[in-house]
Amino acid sequence: MAASEMSSLVTKQKQVLSASIYIRPLSSSSSSSSSSSSSSSESLFLLHSFDLIISFSQFEDNMLSEKVDQMMEWSSRRSVVRMNGDKFRRFVKAPPRNYSVIVMFTALQPQRQCSVCRQANEEYQVLANSWRYSSAFSNKLFFTVVDYDEGADVFQQLNMNSAPTFMHFPAKGKPKRADTFDLQRIGFASEQLAKWIADRTDVQIRVFRPPNYSGTIALALLVSLVGGLLYLRRNNLEFIYNKTGWAMAALSYIHGSSQAQFVAESHIILLLIICLVGLGLVVFFFSFLLSIFRSKYHGYPYRPIRQRKKKPSTGICSQIRSRVPECSIQRIQRIQRIQRTPFPLRNGGTVPAVFRVSSCSECVGTPQPFSLASQNGGNLS
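Heads up, the sequence shown is in full-length UniProt numbering, so the first residue is 1 and it goes up one at a time.
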């Protein structure tokens with residue numbers, strides 16, 4: 001039902017309610033001594049009020065069933081329902097709604113040149129197909145997509161300036177902070193999206209990826225090619241019966257005794273040693289590269305994806321963490337000493353307080369001066 005029809009129906013119902021309200025004073029003024037007319041007016045008023053409530057409830061139920069039927073019809077055609085601004089506001093934002101909606105905000109047009117959007121869309125399609133063709137499919141969850149070129153007003157309404165973005169719109173209430181998928185930290189794999197959806201909606205989705213036949217097809221083509229060549233050269237297959245070739249393949253390059261060694265065996269051992277040294281260099285330089293990356297970016301993948309919520313500490317460590325830069329001290333385990341004497345700097349200035357860190361990921365056992373006078377006059381207690 002359209003919004004104009006809904007507003008007209010509500011207006012008519014308000015008029016009926018206002019008319020029913022004035023029944024009681026009119027009837028009482030005409031026959032104030034008659035108690036039967038007063039009771040009848042009250043009964044009529046209650047009857048109209050009850051009828052108004054029932055009609056409005058029926059209207060909401062009809063509107064909700066219409067929305068659910070439309071979403072089910074779209075989902076039967078395509079696992080991911082494409083929406084523009086009007087459809088988004090009507091089926092996702094506007095109440096009543098008893099179903100959850102997962103929306104992917106993206107930009108898939110070629111002129112946008114968003115390669116990440118296409119990759120995320122492929123994973124999103126796999127997840128939606130897994131839900132659509134599973135035995136647990138119901139009208140409690142729907143997958144939709146809003147393209148920037150089809151719903152730019154939706155992006156502006158949600159103050160969204162990046163794509164792709166995944167959001168969950170619950171059946172009741174407004175989306176919370178956790179209803180926005182952390183794409184930068186977790187990634188956009190179908191399995192990760194399924195875990196996030198299960199956490200927000202209690203709907204378990206088992207991801208079924210379509211089988212990849214590329215390896216089988218490549219092997220079949222290779223066998224066909226080799227078989228075709230052998231068939232075409234069936235009169236020139238002397239190399240199969242060549243004794244010299246088979247004799248070279250049957251040579252022994254490793255001596256059977258520990259007291260002797262072939263020349264070729266020496267070369268083989270030398271090659272293995274070179275490979276081991278090269279592997280060690282690869283591990284060393286790769287670790288060095290990761291250490292540089294960790295110093296530049298302290299987040300994923302060097303921290304667990306789901307961290308346990310810790311109770312806020314009121315000790316001196318928490319006070320120091322709140323007053324010093326995060327990049328200078330990260331994992332304080334124990335404070336050896338706190339000095340109240342000023343600490344001299346190279347430029348001639350002083351810092352009111354100095355503390356020494358015993359276990360720091362960057363500066364173990366070295367004094368780190370910081371100005372703690374900005375709060376409580378440098379008093380940590």
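Ideal placement from N, C-alpha and C gives every residue a C-beta, glycine not left out.
When the Cβ atoms of the segment 129-149 are set against those of the segment 176-188, are three or more pairs found closer than 8 Å?
They do not touch, by the three-pair rule.
What's the C-alpha gap between M63 and F88?
If you take the alpha carbons of M63 and F88, they lie about 16 Å apart.
Can you give me the C-alpha to C-alpha distance between I186 and F91, rounded to a whole angstrom?
If I take the Cα positions, the gap works out to 29 Å.
Does the count of Cβ pairs from the segment 96-108 and the segment 166-173 closer than 8 Å reach three?
A contact exists between the segment 96-108 and the segment 166-173.
I need the DSSP call for L141, collapsed to helix, strand or coil.
L141: strand per DSSP, three-state reduction.
With 16 as the cutoff for other CB atoms within 10 Å, does N161 come out buried or exposed?
Under this definition N161 is an exposed residue.
Under the three-state reduction of DSSP, which class applies to H267: helix, strand or coil?
In this structure, H267 counts as helix in the three-state DSSP scheme.
Between which two residues does the beta strand (DSSP E) holding S100 run?
It spans 100-106 - the beta strand (DSSP E) in which S100 sits, taken as one unbroken run.
Between which two residues does the beta strand (DSSP E) carrying R118 extend?
No beta strand (DSSP E) contains R118, which is instead part of the alpha helix (DSSP H) from 115-132.
Could you check where the beta strand (DSSP E) with residue 431 kicks off and where it finishes?
Past the boundaries of the shown model lies residue 431; the chain is included only from 1 to 381, so the question cannot be answered.
Does DSSP put R177 in a helix, a strand or coil?
Note: R177 maps to helix in three-state DSSP.
Got a sec, what are the start and stop residues for the alpha helix (DSSP H) F91 sits in?
Element bounds for F91: n/a, residue is neither H nor E.
How would you call I292, buried or exposed, if buried means at least 16 neighbouring beta carbons within 10 angstroms?
I292 should be labelled exposed.
Determine the burial state of N129: buried for a count of at least 16 other Cβ atoms within 10 Å of its Cβ, exposed for fewer.
Counting Cβ neighbours within 10 Å, N129 comes out buried, since at least 16 surround it.
Can you name the start and end residues of the beta strand (DSSP E) that M167 belongs to?
From DSSP, the beta strand (DSSP E) with M167 extends over 165-169.
Distance, Cα to Cα, N236 vs S214?
Each residue's Cα considered, the two are about 33 Å apart.
Counting only runs that start and end within the segment 199-252, where is the alpha helix (DSSP H) found for 4 or more residues in a row?
Entirely contained in the segment 199-252, the alpha helix (DSSP H) runs reaching 4 residues are, in chain order, 214-232, 243-249.
Given a threshold of 16 other Cβ atoms within 10 Å of its Cβ, counted over all protein chains shown, does T201 qualify as buried or as exposed?
With 16 or more other Cβ atoms within 10 Å, it is buried.
Could you tell me the alpha carbon to alpha carbon distance between S322 and R206, rounded to whole angstroms?
Only weak support is given to the placement of S322: the predicted model assigns it a pLDDT of 43, under 50, and the value that follows is read from those uncertain coordinates. S322 and R206: Cα-Cα distance of roughly 43 Å.
Just list the residues that DSSP pairs R82 with in beta bridges.
Answer is V145.
Can you give the Cα-Cα distance for Q157 and L225, rounded to whole angstroms?
Each residue's alpha carbon lies about 58 Å from the other.
Could you check the C-alpha separation between E191 and P175 for me, to the nearest Å?
If I take the Cα positions, the gap works out to 22 Å.
I273 and E265: beta carbons closer than 7 Å?
Taking 7 Å as the Cβ cut-off, I273 and E265 do not qualify as a contacting pair.
Specify the secondary structure class of E150 as computed by DSSP and reduced to three states.
The answer is coil: DSSP assigns E150 none of H, G, I, E or B.
Express the C-alpha separation of Q70 and A189 in angstroms, rounding to a whole number.
If you take the alpha carbons of A189 and Q70, they lie about 29 Å apart.
By how many angstroms is the C-alpha of M248 removed from the C-alpha of N242?
Those two C-alpha atoms are separated by around 11 Å.
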